[in-house]
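Structure first, commentary second.
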Amino acid sequence: MSMQAETFKSLVRGAAEQVIASAPELTSLDQAIGDGDHGTNMKRGCEAVLGKLDAISAQPLDEALKMIGKTLVMTVGGASGPLYGSFFLAAGEALSHDKHLPEDLADVFGSGVSAVSARGRSQAGEKTMLDVLVPVLETLKTAAGQPDLIARVRSTAAEAVERTAPMQATKGRASFLGARSVGHVDPGARSSCVLVQAVCASLEGKQ
Amino acid sequence: MSMQAETFKSLVRGAAEQVIASAPELTSLDQAIGDGDHGTNMKRGCEAVLGKLDAISAQPLDEALKMIGKTLVMTVGGASGPLYGSFFLAAGEALSHDKHLPEDLADVFGSGVSAVSARGRSQAGEKTMLDVLVPVLETLKTAAGQPDLIARVRSTAAEAVERTAPMQATKGRASFLGARSVGHVDPGARSSCVLVQAVCASLEGKQ
Amino acid sequence: MKKFINSVDSVLAESLDGFAAAHADLVALGAERKFVRRCELNPRKVALVSGGGSGHEPLHAGFVGYGMLDAACPGQVFTSPTPDQIVEAAQAVAGDAGVLFIVKNYAGDRMNFEMAAEIAEGRIATVVTDDDVAVENSTHSSGRRGVAGTLIVEKIVGAAAEKGLNLEGCVALGERVNTRTRSMGVALTSCTVPAAGTPTFSLGEDEMEMGVGIHGEPGRRRVKLERADAIADEIAAAIVQDLDARAGAEALLFVNGFGGTPTIELYLMYNAARRMLEKRGLRIARSLVGSFVTSLDMAGCSLTVSLLDSEATALWDHPVRTAALKW
Amino acid sequence: MKKFINSVDSVLAESLDGFAAAHADLVALGAERKFVRRCELNPRKVALVSGGGSGHEPLHAGFVGYGMLDAACPGQVFTSPTPDQIVEAAQAVAGDAGVLFIVKNYAGDRMNFEMAAEIAEGRIATVVTDDDVAVENSTHSSGRRGVAGTLIVEKIVGAAAEKGLNLEGCVALGERVNTRTRSMGVALTSCTVPAAGTPTFSLGEDEMEMGVGIHGEPGRRRVKLERADAIADEIAAAIVQDLDARAGAEALLFVNGFGGTPTIELYLMYNAARRMLEKRGLRIARSLVGSFVTSLDMAGCSLTVSLLDSEATALWDHPVRTAALKW
Ligand SMILES: Nc1ncnc2c1ncn2[C@@H]1O[C@H](COP(=O)(O)OP(=O)(O)O)[C@@H](O)[C@H]1O
Ligand SMILES: Nc1ncnc2c1ncn2[C@@H]1O[C@H](COP(=O)(O)OP(=O)(O)O)[C@@H](O)[C@H]1O
Ligand SMILES: [Mg+2]
Ligand SMILES: [Mg+2]
Ligand SMILES: [Mg+2]
Ligand SMILES: [Mg+2]
Chain A
1 MSMQAETFKS LVRGAAEQVI ASAPELTSLD QAIGDGDHGT NMKRGCEAVL
51 GKLDAISAQP LDEALKMIGK TLVMTVGGAS GPLYGSFFLA AGEALSHDKH
101 LPEDLADVFG SGVSAVSARG RSQAGEKTML DVLVPVLETL KTAAGQPDLI
151 ARVRSTAAEA VERTAPMQAT KGRASFLGAR SVGHVDPGAR SSCVLVQAVC
201 ASLEGKQ
Chain B
1 MSMQAETFKS LVRGAAEQVI ASAPELTSLD QAIGDGDHGT NMKRGCEAVL
51 GKLDAISAQP LDEALKMIGK TLVMTVGGAS GPLYGSFFLA AGEALSHDKH
101 LPEDLADVFG SGVSAVSARG RSQAGEKTML DVLVPVLETL KTAAGQPDLI
151 ARVRSTAAEA VERTAPMQAT KGRASFLGAR SVGHVDPGAR SSCVLVQAVC
201 ASLEGKQ
Chain C
1 MKKFINSVDS VLAESLDGFA AAHADLVALG AERKFVRRCE LNPRKVALVS
51 GGGSGHEPLH AGFVGYGMLD AACPGQVFTS PTPDQIVEAA QAVAGDAGVL
101 FIVKNYAGDR MNFEMAAEIA EGRIATVVTD DDVAVENSTH SSGRRGVAGT
151 LIVEKIVGAA AEKGLNLEGC VALGERVNTR TRSMGVALTS CTVPAAGTPT
201 FSLGEDEMEM GVGIHGEPGR RRVKLERADA IADEIAAAIV QDLDARAGAE
251 ALLFVNGFGG TPTIELYLMY NAARRMLEKR GLRIARSLVG SFVTSLDMAG
301 CSLTVSLLDS EATALWDHPV RTAALKW
Chain D
1 MKKFINSVDS VLAESLDGFA AAHADLVALG AERKFVRRCE LNPRKVALVS
51 GGGSGHEPLH AGFVGYGMLD AACPGQVFTS PTPDQIVEAA QAVAGDAGVL
101 FIVKNYAGDR MNFEMAAEIA EGRIATVVTD DDVAVENSTH SSGRRGVAGT
151 LIVEKIVGAA AEKGLNLEGC VALGERVNTR TRSMGVALTS CTVPAAGTPT
201 FSLGEDEMEM GVGIHGEPGR RRVKLERADA IADEIAAAIV QDLDARAGAE
251 ALLFVNGFGG TPTIELYLMY NAARRMLEKR GLRIARSLVG SFVTSLDMAG
301 CSLTVSLLDS EATALWDHPV RTAALKW
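The listed protein sequences correspond, in order, to chains A, B, C and D. So for the first sequence, full-length UniProt numbering puts the first residue at 1; every next one is plus one. So for the second sequence, full-length UniProt numbering puts the first residue at 1; every next one is plus one. So for the third sequence, full-length UniProt numbering puts the first residue at 1; every next one is plus one. So for the fourth sequence, full-length UniProt numbering puts the first residue at 1; every next one is plus one.
What follows is the structure in C-alpha cells.
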C-alpha cells in the first residue's frame, strides 16, 4: 500500500470533520426539499467513523474502506446511509481485487459510484449525490496523471453541486415534490462535494 | 300587572342585545382569569331568549321571568347558566307569591340574588357576579322611591364592577388562580353590570 | 386560529356527529345531541353518567361503553352541559339500580349536575373529582379542579358497576379512588377556544405554564421552559407530597397529552416521570399514555398518579369497550 | 422549539424506553434498542417486521403485538433504520414460516430493508406501501410515498398471518390491500425535527400545505386555509378519482391526525370526509379516527380510504392487541 496509515487517518479525520462542520447546512438544504435530517444523519455516521478511527486505520486500506462503509451503513440510516456505505464497501472491495492506489484511483472511485447507482437504482441527472460523484469520476478519468488533477476535481465538484439546483428530482425524497424540487441544491450532492473537497484539501496539504 | 307587555318586551330585547354586543369583552375578561367562554355563553343564552321573545312576553310577568330563567338554564351552561337562570326563576317565583312591581322591586330582585347565592354557595366579596348584584340590591333598598333611583343603580353597578378587580377570587373558576386572580375584573360581574345598565337605559328611555 | 372547522358555531355538533357515526357500533346520540349513550344498556346495573364542557375529547363521550360510562353529556366548548341534557341522559340510561353522576369539581359542572339531580326522577348519587394538586393555596373555598384523574375514577367505578356494585358502593369506591388520585399539568402553548378565535393566554418561546388547568386556566406560575426530567421531577414531587404514600406503594401512572403534544414526547415524559416517582419510592404497576383528557390544541401534558390496591388493580384491568379505551 | 425533551440526541432512546416500560406486558426492547418485538412469539406463523424513521408514533412500534406486527425497527427521527437493526429484528422473531417486511416507499427505507434482506438468513419477502395520492405527476420514477395506509396493510396482513396464511399469501394480500388503499394529507403547521431545532417549513397564519408528506415534505401546493368541508372535499376527490371505485363499494375511512391536531377536530373532519365520500358513492363500512401515523408535532391530518371486501373486512375486525390498536 502506497498510502501511509497516518496519512490515511488524517485524511479520514479531515473529511469526517468537514462533514460534521457542514451538518447545519446539509440539514437546512434537506429541510427545503426533503425531511431535514441529512446533516444529522451524516454527522452521526462521521462521528461513528471518528470513534473507530484507530481501529480503521490499523487495517490495510481495502479493509479500512470496508470498515468505513460498514460503519456508515450501520449508523447513518435514511437514503444516504446505504448509499455512502455501498460506495466505501465497493471501493474497498475493488482494492481487495487487484486494484491499487494511486494508479487505479479512477477505477476504485468508479466501483464506488457504480455501487451507489446500483443500490439507488439511479444515475446522474436525477438530482442526487450522483450528480457530483459521476462528474468527479469523469474528471478522475480524463485528468488522471495530470499535475492539476486535484484542482480540477475540486472545481468539478463545486460546479457539479450548483448544477443540481435547476434539476427536477426523480429519485429520493425530493422526487415527491415534482417541479417544486427545482431551484434548490440537493443535500446529498452537497455532502458528496464536502467529502471530495475535504479529501482534496488533505492531499493538497500533503503535497 | 303594571308593566305593559310591549314595554317588557323591548326591555328584555334591549338587555339581551346589550349582552350580545358585549360578548367579546366578556370573553376576553374570561380569558384572563377563566376559560374564555363567558361572552359566548351569555350570547347563546340571550339569543335563545330573543328567539322566544314573543312567547315570553305573551305571558304574565311572573311566568315570563320564569321562562327567561328556564331558557337561560337550558342554553347557557357553565357557571353563569344555572346562576342567571336561578336569578330569573326565583324572581318570577317571588312575583307569583304576593309580590308586585314596581313597589316590591327590591324584594323581587332580592329573591333573585338570594337564589344566586344559594345555588353558588357564595356571597359578595368572592369576586363574582354577586359583587355587582348585592350592591345593586342595596341601592334598590336604600334608594327605593327616590327620583334618582335609576341613576344611583347605574352608578352602583358601574362602581361595583370595578371593585372586583382588586379582589382575590374564592368562588368560580378564577378561584383556582389564587393571588393571580387579583387585578382583573370578574367577567360575571361585568355581565351583571351590562344587564343592569341595559334595564336602566330602557326604563330611562321610557320616563 | 388554524383549525379544521366549518364555522365556530357548529364545531361541537359536527364533531359529535362524526364521533357517533364512527362509533355507531358502540354509541348512539340522543335527540338534539344532548347526550351520547351506550347502544346496549344493562338495566340491572348502576348507570354512570358523566359530562362536562367539550374540548377535552375523548373525555367523556370516548369513555361511553361496556365497563365504563353509560352516558356522557357534552357541553359547549369548555362550558358545562345544561341540566336538561343531564336529566335526559339519566332518564335514557337509568335502570333499577340508580344513576351515578361523575362530576369534575368546577362551579358550573357542579351546579348544572346539581340542578339535574333536583329535577330527575329515581335514585341519583354524585361523585365529585378534584385531583389537581396545581393550586397550592387550598384556603380558597372552591377546592381543587377535577382533571385527568377523572378518567381513572370513571374506569374503576365503571368496572365495579358492571360487576354489580350498588349505588352506595359506587359512591364510596369513586370517592376512595378520587382521594388516592392526584394530577398536575404543564402547558407549552395555549389552547384556542374556537368561538374566542384567539389563544386564551400567550407564552414566550422559552416559557411554560406550570400547573395549568385543562381549560387553559393559569397555573402555579409561569416559568422558563425546562428539560423533561426537571418538569417531571417538579410535578412528581408535588403529587407525591400531596398523596402522602408509603414507600413501596403500587401506583398507576397516567401521562396525558393536552392535544397538541405528540406521542413521542408523551412516552419520553412517561419515562422521566416513572424514574422520578420510583426515586420517591412508588412502584409503577399500571400505565396509561396518551391524549385522553385534552384541552383543545394545547401543547402540554399532565401526570396523574393513582394509588392501587388489589381491588382497584383488578377493576382497572377489567375489560372495557369504549371508543377511546379498549382492553 | 417547545418540546418535552432532555437533549435532542436522546429523544428517541428515552421515548423508546418509556414505550417499552409502559407496555412491558406486550413488547420487549431489543439490545441497543434496535427493535421492539412482541413478548409472546408464535414460531409457526409468518413473522411481520416493519420499521422506518421515528417521529410517526405510534407507527410502527405501537402496532407490535397479537394480530399485527411481530417486530418494528425504529430509525432515528425521520431516518430509516439501518440494516443491522432490521436483520436483528428478523432473527429475533423469525419462525418456520418466513419473514415479511412491510416497507413504506421511501428510497431510504427501501434500500435499508433491501440490504437487510440480502444479509439476513431464512425466507424473506417484502411488501412496499405507496398509498399517498398527493403527488399528481406520477412520471417521476420513485413512485408514491407510503403513508397512513400502511397501518391498514399491517392490520389486515397481521390478522391473516395470525390465522396461518403463508408467506406468499401474505405478500399477495399485502399488495392487494395496498392497491386498494389511498391517502392524502394536509398540514396547518410544520413539524420541528428535534435535531434541526427549527420548523421544516413555515406557513402563514392563513395558509395550509395541501398534500403534505409525513416528514413535512411539501405537497401539491400551498393554498389559503379553507373550511373543513372544502378540505375534505378536495382530498376525497383526489382519493376517489385515483381509486376508481364502483358506486356502492364498501370502504374503510381512516382519519389520521399528524400529532398537533386534537381529537375534536379529527372527528369533525371524519364527519366532513364521510359526507364527501358518500356523495361520491362510497359506503363507509369501517372507521378509524385518531393520531396513528404522525409527523412529530405537525398540526394537520390525512384521510385514508381502503376498499373492503368480505375477506378484508373480516381481517380488519379480527382481534388485535397492541399498544396503539386494541379490539
Ligand atoms: N436513489 C438514490 N440514488 C442516489 N442518491 C439518492 C437516492 N435517494 C436519495 N439520494 C440522496 O440522498 C440524499 C438524502 O439523504 P438523507 O436526507 O440522509 O436521507 P433521507 O432522504 O432518507 O432522509 C439526497 O439528497 C440524495 O442526494
Ligand atoms: N359560585 C359562584 N357564585 C356566584 N357566581 C359565580 C360562581 N361561580 C362562577 N360565578 C360567576 O360566573 C362567571 C363565569 O361564568 P362562565 O364563564 O359563563 O362559566 P364558567 O366559569 O363555567 O366557564 C364568573 O365570572 C362569576 O361571576
Ligand atoms: Mg433527509
Ligand atoms: Mg368561563
Ligand atoms: Mg366555561
Ligand atoms: Mg430521512
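Where is the CB? At the ideal position from N, CA and C, for every residue including glycine. Quantities reported herein were computed from a predicted structural model and do not represent experimental measurements.
Have a look at the DSSP bridge pairing and note the partners of residue i.
i, result
"ASN256 of chain C", "C:GLY290, C:SER302"
"THR126 of chain C", "C:PHE101"
"ALA72 of chain D", "D:VAL36, D:SER50"
"THR192 of chain C", "C:PRO199"
"ALA187 of chain D", "D:GLU209, D:GLY300"
"ASP132 of chain C", "C:SER183"
"LEU307 of chain C", "C:ALA251"
"ILE284 of chain C", "C:ALA251"
"THR322 of chain D", "D:GLY65"
"ARG145 of chain D", "Answer by DSSP bridge pairing: none, since ARG145 of chain D is not bridged."
"ALA28 of chain C", "C:ARG37"
"SER173 of chain A", "A small fix is needed here, since residue 173 of chain A is Arg in this sequence, not Ser. Paired residues: none, contrary to the question."
"VAL223 of chain C", "C:MET208"
Output, in chain order, the set of chain C residues within a Cβ distance shorter than 9 Å of residue i.
i, result
"MET210 of chain D", "Here the premise fails: no neighbours, minimum Cβ distance about 13 Å."
"GLY55 of chain D", "PRO262, ILE264"
For ligand 4, I want to know if residue i counts as a neighbour, meaning its beta carbon is within less than 7 Å of at least one of the ligand's heavy atoms.
i, result
"ARG321 of chain D", "no"
"ARG286 of chain D", "no"
"GLY78 of chain B", "yes"
"ARG173 of chain B", "yes"
Quick one: which chain D residues come within Cβ less than 8 Å of residue i?
i, result
"SER291 of chain C", "PRO262, THR263, SER291"
"SER15 of chain C", "ILE264, GLU265, TYR267, LEU268, ASN271"
"LEU225 of chain C", "LYS2"
Report yes if the C-beta of residue i is less than 7 Å from at least one heavy atom of ligand 5; otherwise report no.
i, result
"GLY53 of chain C", "yes"
"PHE78 of chain C", "yes"
"GLY146 of chain C", "no"
"GLY108 of chain C", "yes"
Any heavy atom of ligand 6 closer than 7 Å to the CB of residue i?
i, result
"THR313 of chain C", "no"
Return yes when at least one heavy atom of ligand 1 lies under 7 Å from the C-beta of residue i, else no.
i, result
"PRO187 of chain A", "yes"
"GLY120 of chain A", "yes"
"GLY69 of chain A", "no"
Output, in chain order, the set of chain B residues within a Cβ distance shorter than 8 Å of residue i.
i, result
"HIS23 of chain C", "Result: empty, since nearest Cβ-Cβ is about 24 Å, beyond 8 Å."
Determine whether the beta carbon atoms of residue i and residue j lie at a separation below 8 Å.
i, j, result
"GLU63 of chain B", "ILE20 of chain B", "no"
"SER96 of chain A", "SER191 of chain A", "no"
"PRO194 of chain D", "VAL8 of chain D", "yes"
"ALA160 of chain D", "CYS170 of chain D", "yes"
"GLY77 of chain A", "ASN112 of chain D", "yes"
"HIS60 of chain C", "ALA323 of chain C", "no"
Residues of chain D with a CB under 7 Å from the CB of residue i: which are they?
i, result
"SER287 of chain C", "ALA22"
"ALA79 of chain A", "ALA107, GLY108, MET111"
Quick one: list the residues of chain A neighbouring residue i, beta-carbon separation under 9 Å, in chain order.
i, result
"GLU217 of chain D", "ILE33, GLY34, ASP35, ARG173, ALA174, PHE176, LEU177"
"GLN241 of chain D", "Neighbours of GLN241 of chain D on chain A: none; closest Cβ ~18 Å, over 9 Å."
If the cut is a Cβ gap below 8 Å, which residues of chain A does residue i touch?
i, result
"PRO81 of chain D", "GLY77"
Residues of chain C with CB under 7 Å from residue i, in chain order?
i, result
"PRO82 of chain B", "MET111, ASN112, MET115"
"ARG180 of chain B", "PRO218"
Starting from the beta carbon of residue i, find every residue of chain C whose beta carbon is closer than 8 Å, and list them in chain order.
i, result
"THR164 of chain B", "The premise fails here: THR164 of chain B is roughly 16 Å from chain C at the closest Cβ pair, so nothing lies under 8 Å."
Residue i versus chain D: which residues are under 9 Å apart at the beta carbon?
i, result
"ARG119 of chain A", "MET111, GLU114, MET115"
Lining residues of ligand 3 - beta-carbon closer than 5 Å to any non-hydrogen atom, in sequence order: A:ASP30, A:GLY34, A:ASP35, A:ASP37, A:HIS38
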